[in-house]
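Taken in sequence, the protein lines are chains A and B.
Position 253 (the first sequence) corresponds to 252 in numbering that gives the first Met the number 0; numbering is contiguous.
Position 213 (the second sequence) corresponds to 212 in numbering that gives the first Met the number 0; numbering is contiguous.
Positions of the beta carbon are idealized from the N, C-alpha and C atoms, including for glycine.
Read through the structure below, which is laid out as structure tokens, and then see the notes.
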Amino acid sequence: MQFMERKELFFILGLCLVVFIVRLVLAFLVPNLTYESYFHVRQVEHIRETGLPLFEDDLSYGGRIHRFLPFFHYFMAFFTLFLPLDLVTKILPNLLLAMLPFIVYLIAKEITTNKLAPFYSAFITGFLPILYTPNAFTIETLFLPLLFCTLYMFLRLEHKPYLYGYLFLFLLLSVTSPNTYLLLLGFGIYLLLSVIEKKIINKAEIELIIFSVFFFVWIQFLFFKDLFLQEGLAFIWQNIPSQIIQEYFPKLSITKALVLVSIIPFLTGIFVVYRSLFALKNLRSFLLISFTITTTILAWFRLIKFEFSLAFFGVILAIFFAVFYEESINYIKKTKFPKLQKSFSVAMILLLMITMIFPSFQEALQQETPSNEELLAFHWMGENLSGEGGVLALLEEGHLVTYLSKRKNLMDDQFVLIDDVDQRFKDLTILYTTSFQTQAFDLFDKYQIRYIVLTPFAKKKYDLQNFHYLAPGCFRRLFKEEIKIYEVTCSLTETNKNAP
Amino acid sequence: MRPDLFGDRTRIFQYFVRRRVMFFFLLLAVVLMVPIGQNIAAGELMIRGEESYYHLVKAQEAQWYEAQYLPLTWTLKILPEKGLIFLLFVMTFASLAMYFILERRLKIEPSASSCFLFFLILSPAFIAAYGTLSTAAFFTFLILCGFFFLTSRKKMRFLAILPFSLAVLFEIFYFMLTISLIAAYLHRRKERFKKEKDWSVFFVPLVIIILFTIALMGHEPPLMLGPFDNEGGFTNIISDFGSSGGISFLVLLLAFVGAMIAGKHPLLYSSYFFLLFVILAYVVNGRVLFFLSLLLIFFATRGFITLFEWRWNFSTLKKFTAWLLLLGVLFSFTTFLDRFNSLPPSAEEKSTLLWIEDHTSKKEIVFSMKENEYFIRYFAKRSVVSDPKILAATYINELFPLLEENNISIIYITKDMRRKLTEEQGFLFLLKNERFKLAHASKEAEVWLFR
Numbered sequence: 000m001q002f003m004e005r006k007e008l009f010f011i012l013g014l015c016l017v018v019f020i021v022r023l024v025l026a027f028l029v030p031n032l033t034y035e036s037y038f039h040v041r042q043v044e045h046i047r048e049t050g051l052p053l054f055e056d057d058l059s060y061g062g063r064i065h066r067f068l069p070f071f072h073y074f075m076a077f078f079t080l081f082l083p084l085d086l087v088t089k090i091l092p093n094l095l096l097a098m099l100p101f102i103v104y105l106i107a108k109e110i111t112t113n114k115l116a117p118f119y120s121a122f123i124t125g126f127l128p129i130l131y132t133p134n135a136f137t138i139e140t141l142f143l144p145l146l147f148c149t150l151y152m153f154l155r156l157e158h159k160p161y162l163y164g165y166l167f168l169f170l171l172l173s174v175t176s177p178n179t180y181l182l183l184l185g186f187g188i189y190l191l192l193s194v195i196e197k198k199i200i201n202k203a204e205i206e207l208i209i210f211s212v213f214f215f216v217w218i219q220f221l222f223f224k225d226l227f228l229q230e231g232l233a234f235i236w237q238n239i240p241s242q243i244i245q246e247y248f249p250k251l252s253i254t255k256a257l258v259l260v261s262i263i264p265f266l267t268g269i270f271v272v273y274r275s276l277f278a279l280k281n282l283r284s285f286l287l288i289s290f291t292i293t294t295t296i297l298a299w300f301r302l303i304k305f306e307f308s309l310a311f312f313g314v315i316l317a318i319f320f321a322v323f324y325e326e327s328i329n330y331i332k333k334t335k336f337p338k339l340q341k342s343f344s345v346a347m348i349l350l351l352m353i354t355m356i357f358p359s360f361q362e363a364l365q366q367e368t369p370s371n372e373e374l375l376a377f378h379w380m381g382e383n384l385s386g387e388g389g390v391l392a393l394l395e396e397g398h399l400v401t402y403l404s405k406r407k408n409l410m411d412d413q414f415v416l417i418d419d420v421d422q423r424f425k426d427l428t429i430l431y432t433t434s435f436q437t438q439a440f441d442l443f444d445k446y447q448i449r450y451i452v453l454t455p456f457a458k459k460k461y462d463l464q465n466f467h468y469l470a471p472g473c474f475r476r477l478f479k480e481e482i483k484i485y486e487v488t489c490s491l492t493e494t495n496k497n498a499p
Numbered sequence: 000m001r002p003d004l005f006g007d008r009t010r011i012f013q014y015f016v017r018r019r020v021m022f023f024f025l026l027l028a029v030v031l032m033v034p035i036g037q038n039i040a041a042g043e044l045m046i047r048g049e050e051s052y053y054h055l056v057k058a059q060e061a062q063w064y065e066a067q068y069l070p071l072t073w074t075l076k077i078l079p080e081k082g083l084i085f086l087l088f089v090m091t092f093a094s095l096a097m098y099f100i101l102e103r104r105l106k107i108e109p110s111a112s113s114c115f116l117f118f119l120i121l122s123p124a125f126i127a128a129y130g131t132l133s134t135a136a137f138f139t140f141l142i143l144c145g146f147f148f149l150t151s152r153k154k155m156r157f158l159a160i161l162p163f164s165l166a167v168l169f170e171i172f173y174f175m176l177t178i179s180l181i182a183a184y185l186h187r188r189k190e191r192f193k194k195e196k197d198w199s200v201f202f203v204p205l206v207i208i209i210l211f212t213i214a215l216m217g218h219e220p221p222l223m224l225g226p227f228d229n230e231g232g233f234t235n236i237i238s239d240f241g242s243s244g245g246i247s248f249l250v251l252l253l254a255f256v257g258a259m260i261a262g263k264h265p266l267l268y269s270s271y272f273f274l275l276f277v278i279l280a281y282v283v284n285g286r287v288l289f290f291l292s293l294l295l296i297f298f299a300t301r302g303f304i305t306l307f308e309w310r311w312n313f314s315t316l317k318k319f320t321a322w323l324l325l326l327g328v329l330f331s332f333t334t335f336l337d338r339f340n341s342l343p344p345s346a347e348e349k350s351t352l353l354w355i356e357d358h359t360s361k362k363e364i365v366f367s368m369k370e371n372e373y374f375i376r377y378f379a380k381r382s383v384v385s386d387p388k389i390l391a392a393t394y395i396n397e398l399f400p401l402l403e404e405n406n407i408s409i410i411y412i413t414k415d416m417r418r419k420l421t422e423e424q425g426f427l428f429l430l431k432n433e434r435f436k437l438a439h440a441s442k443e444a445e446v447w448l449f450r
């Protein structure tokens, strides 16, 4: 490798390995995957079995059409050819995120001359609390490394192989996540800043940006045609029920941001953005600043999912830390105490370790995952229940119903293209909280629900010990563990006409 | 012609530009025939859309001051209903022919003109306007006629008064637009008229203003007709977001690029005036979407030409980007066609309305949603009440007095109405009362009698 010395390579790969091992240990300490991961697991499994994603789903919402970009699922399905699915779901996402420090190291190396500075960026990325959901089998685990890899290629466009690399990676990004628009908006702000500052922009960059915009828009319209037609501009909010939209697009909270991206990168990032915008005016910094501006604006106007925006923001701040470190070292060199350089470096690493490692572990251990008992119960339903009826479970447990129980659910977190999503969410809440039997039976008939599940998670969420409307004769308990599974045996109508 | 638009080796574009007249007539024929062919194959009506039936009703009832409806009134007398398609075809092809004549007379660059026509003909806005009976299409035809005469030899110029006068009669917005267009043209050509010492041409707008004032004595036209089926708003400009016309998102992106660049071209300053004017009008009424689309396509053409005139470092990327644009435009167009063919009324709705005409008394009054008014008036030939208070009624003691006050005895309900209204409460729920009787029903529409 010509662009990196052997020693540097050894250290950075060593860091990635440490990050990978830490993530894996945490992943195996926490049982199972996060709730939303089971949707992706089901898609990967379907691709492995049929070669195609499950776009027409008979179980989710009682039957619906999914619209998503399938590259992540194909990518993971490929590895299931050699490894068991359980291992792929735990190892691969963590491996991908463990590679992120390496990519960040390369980017930081592009914008700084100090040899140590990029290592700090890599370290921050490796232990960024917001990225510590090692049990998440989600698109972001592939998207983030891909995104920053694409950005790195863009920074080195003057070399032809990087141009082709950019095109290839951008193509993959466009079929991985619609969040690729962040990159394009960042490019837009970058062009604007450059024009304002009267900087000469590389013509090749403009060409690539133009191509990327048209290509991305075209791909999104191909995949999400129905969604755009149905939702219009509201597609941004992904049809999330109004009652819970706050959870996905919450108000920007500085305190939460400080914890999740860590205080030191946050403060140094602000300093670097200020210096770059008003003092240094370096084109490459402009590019990275553009991404911070984009993410902040989008998060401020609640146009982007908060957690994702923080993850993206956190990595950018990690890159900025390299600039801060380099400037600080250069400044110390100019003072009367140049020997303080070493102390500064050690102090920094210690500070970073203290402020980052503990919150990261905390984040990992606080992940919301179903317990083994819950998994067993849902699996039991798939093995032992007969007939067509749907299952009432929490919104979060919706994918467990479809994946493990192989039954129709009332709701899950894939809201796109669902007509009556607000009503469904209201009805789901009613079914957990109402005391009226007729109301419950009416809804059971409406959504053709035959089985109801009460997990400890549901008990905690709705603060209840059992369903209030249970009555002998109409509900038969099937699963006699802590998790309660009942069969609904009564109905208000003879036949249920409306499918869920 | 700009030989370097797609690089020297891309001869296909140049070939099309050279043979553009033939190519665009063919493209136009295909674009117009596809929805008609699909409708014929599905046994559906060829004339769709609320606005079409508004004009058909108006043509049946036209007064002396509504001279703009005379061509349609006469056509309805000569041709059967299906023959209106023939009228649409003649008008559209004549518009294109006049466009090419004007292109030559006004020395519009062929490559830019070809790009403009390509984006325009394949835009949902075009299909929405020219696939139905719309004032936008007829107005454009009349304006092209007007400029055809205005740019002709001296003696012919005064003939422009006739089409321009007809064009302004529809609504006040058209009057303002026509006068602005003529003023912009005269301003651009003032040197030529000065040279020819021909000041008579300046009387054309004056005569139009006088004629419009006279027509105002008979009937004051609305500021804008409609809104029929477009409610305005930013997303309704983009057909990919479910608009009833508009342009593709990719074309809008190009228009944005074009609008940024056009400012450097002194000849294009007036285009900003028109853009501002039409945007303001669009804010007032979404029905001017066709003209807004037309302007955006104009800017998109500027953007397209500017982008692809550049000598790109990566020529393959340039061609690939152009190819993506082409695919994007085609994609939006085909997506829109599906929606366009589902415009009301359907054949079943028509037969239900004809049932009303055959089985009820002429004096009876029909209640339905506002958007069904002209279908009912045209096919069922009955008076219509579409008071929103009736739909808002939640109890029979609110609903019955309203129906009785308006002498409503027939209720016409379409599938679309059922989709929009909830069955569990309100108007549809109240239909379960014994005073309502289902008299006729099909998959798409129902007729209820109120006694």
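Around A:Leu228, the beta-carbon contacts reaching into chain B at under 8 Å are Asp239, Phe240, Gly241, Thr334 and Arg338.
Check the Cα spacing between A:Met380 and each of A:Thr354, A:Met355, A:Ile356 and A:Asn408: the tightest is with A:Asn408. A:Ile138 is classed as buried because its beta carbon has at least 16 other beta carbons within 10 Å across all chains shown. With a threshold of 8 Å between beta carbons, A:Lys445 makes no contact with chain B. In the DSSP secondary-structure assignment, B:Ser382 is bridged to B:Ile364.
In the three-state reduction of the DSSP assignment, B:Arg18 falls in the coil class, being assigned neither a helical nor a strand state. DSSP places A:Leu477 in the uninterrupted beta strand (DSSP E) bounded by Phe474 to Lys479. Interface flag for A:Ile328 against chain B is unset, since no Cβ pair is found closer than 8 Å.
Residues of chain A whose Cβ lies closer than 7 Å to the Cβ of B:Trp311 are, in chain order, Glu206. The straight-line gap separating the alpha-carbon atoms of A:Tyr34 and A:Glu367 is approximately 7 Å.
Within the region 292-303 of chain A, no residue has a Cβ lying closer than 7 Å to any Cβ of chain B. Between the C-alpha atoms of A:Phe424 and A:Leu23 there is a straight-line separation of about 35 Å.
Taking 8 Å as the CB threshold, B:Phe319 lines the interface with chain A.
The Cβ-Cβ distance between A:Phe343 and A:Ile331 falls below 8 Å. Annotation: A:Gly50 has no Cβ neighbours in chain B at a cutoff of 8 Å; minimum Cβ distance is about 25 Å. When A:Glu325, A:Leu156, A:Glu382 and A:Phe414 are compared, the shortest CA-CA separation from A:Lys202 is found for A:Leu156.
For B:Pro400, the number of other beta carbons within 10 angstroms of its own is below 16, and it is reported as exposed. Inter-segment contact for the region 414-429 of chain A and the region 68-84 of chain A is absent: fewer than three beta-carbon pairs are separated by less than 8 Å. Residue environment for A:Pro337: exposed (fewer than 16 other C-beta atoms within 10 angstroms of its C-beta).
Counting of Cβ neighbours within 10 angstroms places A:Asp56 among the buried residues, the total reaching 16 or more. Residue range Lys483 to Val487 is occupied by the beta strand (DSSP E) that includes A:Lys483.
Contact holds between the region 110-125 of chain A and the region 9-19 of chain A, because three or more Cβ pairs, one in each stretch, are under 8 Å apart.
Taking 8 Å as the cut-off between beta carbons, the residues of the region 285-307 of chain B near chain A are Leu306, in sequence order. In the DSSP assignment, A:Lys459 falls within the unbroken alpha helix (DSSP H) covering Pro455 to Tyr461.
Residues of chain A with a Cβ closer than 8 Å to the Cβ of B:Gly327 are, in chain order, Phe213, Val216, Trp217 and Phe220.
Two segments are said to touch when three or more pairs of C-beta atoms, one from each, lie closer than 8 Å; by this definition the region 223-236 of chain A touches the region 235-242 of chain B.
Take B:Lys349, set aside five residues on each side of it, and the residues of its chain with a beta-carbon closer than 7 Å to its own are Leu44 and Phe378, in chain order. Rounded to the nearest whole angstrom, the CA to CA distance from B:Leu25 to B:Arg10 is 20 Å. With distances taken between CA atoms, B:Glu363 lies nearest to B:Ser408 out of B:Pro343, B:Lys442, B:Leu251 and B:Ser408. The beta-carbon separation of A:Ile263 and A:Leu350, rounded to 6 Å, stays under the 8 Å limit for a contact. Interface with chain A (8 Å Cβ-Cβ cutoff): B:Thr139 is excluded.
Within 8 Å of the CB of A:Phe336, no CB atom of chain B is found; the nearest one sits about 49 Å away.
For A:Lys89, the number of other beta carbons within 10 angstroms of its own is at least 16, and it is reported as buried. For B:Phe330, the closest Cβ of chain A is nearer than 8 Å.
A Cβ of chain B is located within less than 8 Å of the beta carbon of A:Leu232. Assignment of beta-bridge partners to B:Tyr411 by DSSP yields B:Val446.
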